[in-house]
Amino acid sequence: MNKPTSSAALRVIESDICIVGNGAIAKTAALGLAQAGLSVTLLGPPAPAPAPAAADPGWDARVYALNHTAHHLLSSLKVWDALDHARVAPVDAMIVHGDGPQPGGLAFDAYGAHANTLTWILEDRNLNQALDAALRFAQNVKTVSGRAIGLLRDAGSATVQLDDGGSIKAALVVGADGAQSWVRGQCDIGLDYRSYNQRAVVSNFACEQPHHGAAYQWFTGSEGIVALLPLPGNKVSLVWSAPEQLADTLRAESAQQIADRLAVFAREKLGALTPLQPELVRDFPLRLIRPHAMIAPRVALIGDAAHVVHPLAGHGMNLGFGDVAQLIKTLAEREPQRSTGDDRVLARYARARKEDVLLMQVTTDGLARLFETDIEPLRVVRNLGLNLLDKLPVLKRRLISHAMGK
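FYI, in my numbering the residues of the sequence shown are 16 to 421.
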């Protein structure tokens with residue numbers, strides 16, 4: 016059984032790959048690369064003291080909409096079956112509403128997409144618990160608790176220096192350490208950064224009427240983008256991409272006051288909303304982060320370290336799982352004489368991910384800009400566009416197929 020160890024106990028750790036990060040993307044990469052036959056060291060910060068176990072842990076405010084790429088990857092790693100499926104909700108339909116007096120509309124459903132389901136909604140805690148359980152028994156994975164303070168690279172290897180004097184030596188360092196990636200910073204990789212001047216306000220609610228597996232999204236113009244995602248039972252998870260001033264107001268309000276605000280959108284379809292945990296309202300800033308490269312000598316970036324997009328399409332996490340799947344594939348297919356950190360191998364990984372990442376960046380950024388503008392002629396045009404797209408089944412199927420990761 017794998018148990019986290021301090022770096023000082025081992026001083027110098029050698030492995031094929033060192034992954035820096037402790038989120039779901041980092042853990043999935045560690046499992047996948049280890050199952051591909053590579054030795055992996057997973058470096059994360061010291062874990063906080065465990066909180067007392069609650070009889071009812073409630074529902075996480077942070078949830079993910081995982082597509083078929085993520086599902087296939089987690090299934091291949093035996094993680095999907097380890098999830099608590101009583102807390103996983105399949106999404107069978109997606110209904111998008113425009114804004115203004117004559118709002119446009121767009122609807123997708125699993126039947127029209129020739130699939131059993133569009134996506135799956137699951138909590139961050141559920142996913143990480145399943146990954147942690149798998150890591151405890153994973154072969155070829157060593158988990159290390161420590162903080163990186165330096166990265167040295169030469170023609171043959173990379174060395175991550177730790178704050179206690181220990182180090183990790185590997186042929187490849189994978190940066191899976193989030194939007195403010197330390198690994199990326201050590202590589203002097205430039206980036207384009209833009210704040211959307213919005214924050215995502217998240218919370219969970221019970222709904223009076225059944226959601227029937229439908230996810231709803233409202234483009235409101237001046238009030239941002241409101242999304243209600245289905246949870247198991249008559250429950251929904253809110254993601255409200257709100258302008259800064261409105262976000263401040265929402266965070267100052269109670270969850271019940273937020274539910275009252277949502278009535279104008281949700282009452283017709285879902286009835287009255289009731290907070291599941293009145294104290295559980297969270298928010299996080301929305302920004303576009305576009306690093307100029309996903310690789311550097313002996314380094315590959317995955318997940319938010321490699322790209323951060325607007326959450327309106329719910330695909331930030333799916334891009335990260337796409338990175339993991341491609342990195343595993345690229346390293347598994349490399350020539351026998353090439354190491355995991357070989358420049359040509361890493362270049363193949365970057366090329367393979369370029370189109371998918373760029374398409375999602377352009378799409379989410381373009382939609383966010385388009386729907387935040389309150390100019391009436393533009394509102395009319397975008398609502399007409401939604402209505403037109405809804406009447407073009409071939410194009411709709413292509414769009415939803417891409418979003419599903421097929």
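A virtual CB, placed ideally from N, CA and C, is assigned to each residue, including glycine.
Quantities reported herein were computed from a predicted structural model and do not represent experimental measurements.
(message) Runs of 4 residues minimum, wholly inside the stretch 86 to 171: which ones carry the alpha helix (DSSP H) assignment?
(response) Counting only runs of 4 or more, we get 139 to 151.
(request) Can you say whether E370 is buried or exposed, counting buried as having 16 or more other CB atoms within 10 angstroms of its CB? (result) It counts as exposed.
(request) Assign G335 to one of three DSSP states: helix, strand, or coil. (result) Residue state, collapsed to three classes: helix.
(request) Using three-state DSSP, classify D298 as helix, strand or coil. (result) In the structure shown, the three-state DSSP call for D298 is strand.
(message) I need the straight-line Cα distance from D298 to L334, nearest angstrom please.
(response) Their Cα atoms are separated by approximately 21 Å.
(request) Identify, in the order they occur along the chain, each residue of the same chain with its Cβ nearer than 6 Å to the Cβ of A85, setting aside the five sequence neighbours on each side. (result) Excluding positions up to five away in sequence, the list reads N333 and F336.
(message) Tell me the DSSP secondary structure of A230 in three-state form.
(response) Strand at A230.
(message) From the DSSP secondary-structure annotation, give me the bridge partner or partners of C222.
(response) DSSP lists L288 as partners of C222.
(message) Whether or not the stretch 154 to 161 and the stretch 355 to 368 are in contact is what I'm after, with contact meaning three or more pairs of Cβ atoms, one per stretch, closer than 8 Å; do they touch?
(response) They do not touch, by the three-pair rule.
(request) State buried or exposed for F220, treating a residue as buried only when at least 16 other CB atoms are found within 10 Å of its CB. (result) Counting Cβ neighbours within 10 Å, F220 comes out buried, since at least 16 surround it.
(request) In the DSSP assignment, find the beta strand (DSSP E) that holds A242 and state where it starts and stops. (result) Looking at the DSSP string, the run of the beta strand (DSSP E) that includes A242 is I240 to L246.
(request) Please report how far the alpha carbon of L53 lies from the alpha carbon of T345, in whole angstroms. (result) Roughly 13 Å separates the two Cα atoms.
(request) Compare the C-alpha of R368 against each of L81, D179 and M309 and name the closest. (result) Of the listed residues, the one whose Cα sits closest to R368 is M309.
(request) Report the three-state DSSP secondary structure of D207 (helix, strand or coil). (result) Strand at D207.
(request) Measure how close the beta-carbons of S182 and L295 come, nearest whole angstrom, since I'm counting them as under 8 Å. (result) Cβ-Cβ separation between S182 and L295: approximately 40 Å, too far for a contact (criterion under 8 Å).
(message) Considering only their Cβ atoms, is the gap separating S354 from L121 smaller than 9 Å?
(response) Cβ distance not < 9 Å, so L121 and S354 don't count as in contact.
(message) Quick check on DSSP: helix, strand or coil for R77?
(response) Annotated three-state conformation of R77 is coil, per DSSP.
(message) Assuming contact is defined by CB atoms lying nearer than 9 Å, are V254 and V216 in contact in what I supplied?
(response) With contacts defined by Cβ atoms closer than 9 Å, V254 and V216 form a contacting pair.
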